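Sequences listed follow chains A and B, in order. Read left to right, the first sequence gives residues 1 to 116 (the numbering used here). Read left to right, the second sequence gives residues 1001 to 1116 (the numbering used here). Note that the Cβ used here is the ideal one computed from N, Cα and C, for glycine as well. Source: prediction; values computed, not measured. The structure appears right after this line, and notes come after that.
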Amino acid sequence: AQKITQTQPGMFVQEKEAVTLDCTYDTSDPSYGLFWYKQPSSGEMIFLIYQGSYDQQNATEGRYSLNFQKARKSANLVISASQLGDSAMYFCAMREGLESYQKVTFGTGTKLQVIP
Amino acid sequence: GAVVSQHPSRVICKSGTSVKIECRSLDFQATTMFWYRQFPKKSLMLMATSNEGSKATYEQGVEKDKFLINHASLTLSTLTVTSAHPEDSSFYICSALPASGADTQYFGPGTRLTVL
């Protein structure tokens, strides 16, 4: 069974608009961490945001926020005020356990294209 | 801070030869490094977890004799693809976990391997 599911292979968004990238996860471990990474065409993986399973508030980092719905097991990424430079692949990932050395599993990614 | 480099960024080799890829944490010490493989337009697949001074832990289905991993220091891990074949052509990405503790691993820019 897929541990991380990203159902949107591709998304378009108008520049300056907000966009939500979906991510659902599956785990029976009460302790886990959720991540979002950005991968531009150059290939490097850029860390965007992290949410721990016990964190009470949704994580935010600048224009990025993580909409954490624990009961629904979803961790959607919201990008506000989209910019052309946001065009990239976006990967949701989960670490089962809260120790940083534990394995991280990635979703299949969503390709975001920002339209001028 | 938290910069990870990989060398080479691109390599083309003949079938049957071996290729070494280096992963360095430039401004932090990393007791744990991870090696991933990414096929075109696909997700990252964890190949192995590399711990400084000990043997790497390989994921199921990854041949340890084909993908040799050495983590000789707190800032360097190497992946050697032995007797490379065209099916080994892929994008290889490493990541490093700061020894000081961090929620996320930091990724290198990746190495594009093409085996002719």
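Through-space distance from Ser41 (chain A) to Ile126 (chain A), alpha-carbon basis
In the structure as shown, chain A starts at 1 and stops at 116, and residue 126 (chain A) therefore has no counterpart that could be examined.
When Cβ atoms are compared, which residues of the segment 1066 to 1084 of chain B fall closer than 9 Å to chain A?
Taking 9 Å as the Cβ-Cβ cut-off against chain A, none of the residues of the segment 1066 to 1084 of chain B qualify.
Give me, in chain order, the residues of the same chain whose beta-carbon lies closer than 8 Å to that of Ser1083 (chain B); leave out the 5 immediate sequence neighbours on both sides.
The answer, listed in chain order, is Gly1016, Thr1017, Ser1018 and Lys1066.
Using a beta-carbon distance below 9 Å, is Ser1095 (chain B) in contact with chain A?
Interface residue, yes.
Beta bridge counterpart(s) of Met89 (chain A) as assigned by DSSP:
Met89 (chain A) is bridged to A:Gln39 and A:Lys111.
Answer yes if the segment 1022 to 1037 of chain B comes into contact with the segment 1086 to 1100 of chain B, meaning at least three C-beta pairs across the two stretches below 8 Å, and no otherwise.
As far as the Cβ criterion goes, the segment 1086 to 1100 of chain B touches the segment 1022 to 1037 of chain B, which means the pair count is three or higher.
Contacts of Glu44 (chain A) in chain B (Cβ-Cβ under 7 Å)
Chain B residues near Glu44 (chain A): Phe1107, Pro1109 and Gly1110.
Who are the neighbours of Ser100 (chain A) on chain B, taking C-beta pairs under 7 Å?
Against chain B, the beta carbon of Ser100 (chain A) has neighbours under 7 Å at Leu1097, Gly1101, Ala1102 and Asp1103, listed in chain order.
Kindly say whether Phe1028 (chain B), judged by its beta-carbon, lies nearer than 9 Å to any beta-carbon of chain A.
Judged by the 9 Å Cβ criterion, Phe1028 (chain B) is not in contact with chain A.
Strictly under 9 Å for the Cβ-Cβ distance: is Lys103 (chain A) near chain B by that measure?
Taking Cβ atoms only, chain B reaches closer than 9 Å to Lys103 (chain A), which makes this a yes.
Phe106 (chain A) at chain B interface by Cβ criterion, 9 Å
For Phe106 (chain A), the answer is yes, since a Cβ of chain B falls inside 9 Å of its Cβ.
Measure the alpha-carbon distance for Met89 (chain A) versus Val13 (chain A) and round it to whole angstroms.
Approximately 13 Å, taken between the alpha carbons.
Cβ pair Leu1068 (chain B), Asp1088 (chain B) closer than 9 Å
Leu1068 (chain B) is not a Cβ neighbour of Asp1088 (chain B), given a cutoff of 9 Å.
How many angstroms separate the CA atom of Ile4 (chain A) from the CA atom of Tyr25 (chain A)?
If you take the alpha carbons of Ile4 (chain A) and Tyr25 (chain A), they lie about 4 Å apart.
Have a look at Pro116 (chain A) and Gln1060 (chain B) and give me their C-alpha separation to the nearest angstrom.
Whole-angstrom Cα-Cα distance: 44 Å.
Name, please, each residue of chain B whose Cβ falls closer than 7 Å to the Cβ of Phe35 (chain A).
The answer, in chain order, is Thr1104.
When you compare only the Cα positions, how much space is there between Asp1027 (chain B) and Tyr1106 (chain B)?
Distance from the CA atom of Asp1027 (chain B) to the CA atom of Tyr1106 (chain B), rounded to whole angstroms, is 11 Å.
9 Å Cβ cutoff, Ser1089 (chain B) in contact with chain A
No, because no Cβ of chain A sits closer than 9 Å to the Cβ of Ser1089 (chain B).
In chain A, which residues lie with their C-beta within 7 Å of the C-beta of Ser1043 (chain B)?
Close to Ser1043 (chain B), with beta-carbon spacing below 7 Å, are these residues of chain A in chain order: Phe91, Phe106, Gly107, Thr108 and Gly109.
Does DSSP put Glu1087 (chain B) in a helix, in a strand, or in coil?
Judged by DSSP in its simplified three-state form, Glu1087 (chain B) adopts helix.
Using a Cβ cut-off of 9 Å, pull out every chain A residue sitting near Leu1046 (chain B), in sequence order please.
The answer, in chain order, is Lys103, Val104, Thr105 and Phe106.
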